[in-house]
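Written below as C-alpha cells is the structure these notes are about.
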Amino acid sequence: MQPVRRSSAAPLAASPAFNQFAAAASSSAASLPSASTQVAAAASRTNYDTSSFAAPTDEYPASVQELTMNGFELSKVLHAYDLVGDNFDDLLSFLLSTTTS
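For the sequence shown, position 2 (counting from the first letter as 1) is numbered 1 according to numbering that gives the first Met the number 0, and the numbering increases by one without interruption.
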C-alpha cells in the first residue's frame with residue numbers, strides 16, 4: 000500500500016472552509032505577543048531581592064559532622080567540641096576515652 004501524496008495544496012487552499020479557518024488562525028496569531036516578548040515582559044516583572052539570600056553553610060564544623068556520621072551521639076560530640084576544640088584527632092581520643100561500654 001502506497002501513501003497518498005498531494006501534488007499541491009492549491010485545491011485545499013481554495014476551499015472556503017480552509018480559508019475561514021486559515022483567516023481565523025492568522026488573526027488570532029497576530030493578536031498574540033511573540034514568545035520573546037512574553038519572556039522579556041516576565042523578566043522585567045520579576046524583581047527579586049537576592050541580597051538576603053546567603054550561601055548555605057554547615058551548621059556544625061566538619062570534625063563534628065564526621066564524628067556523628069561515625070556513630071557518636073551529637074550531644075557528646077558537641078560537649079567534647081566545647082572542651083577540646085576543633086581538632087578531629089583530639090575529639091576522637093576524648094570521645095573514646097569517655098565512652099562507657
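Even for Gly, the Cβ is constructed at its ideal location relative to N, Cα and C.
These figures come from a predicted structure and were not determined experimentally.
Assigned secondary structure, residue i (DSSP; H/G/I helix, E/B strand, else coil)
i: residue 67; result: helix
i: residue 97; result: helix
Residue range of the alpha helix (DSSP H) that includes residue i
i: residue 80; result: 73-83
Same chain, Cβ closer than 6 Å to residue i, five either side skipped, listed in chain order
i: residue 73; result: 67
i: residue 87; result: 62
i: residue 94; result: 71, 79
Heavy atom of the ligand PLP within 7 Å of residue i beta-carbon
i: residue 59; result: Looking for the ligand PLP in the displayed structure turns up nothing, as the structure carries no ligands at all.
Beta-carbon proximity list for residue i, same chain, < 7 Å, skipping 5 on both sides
i: residue 89; result: 83
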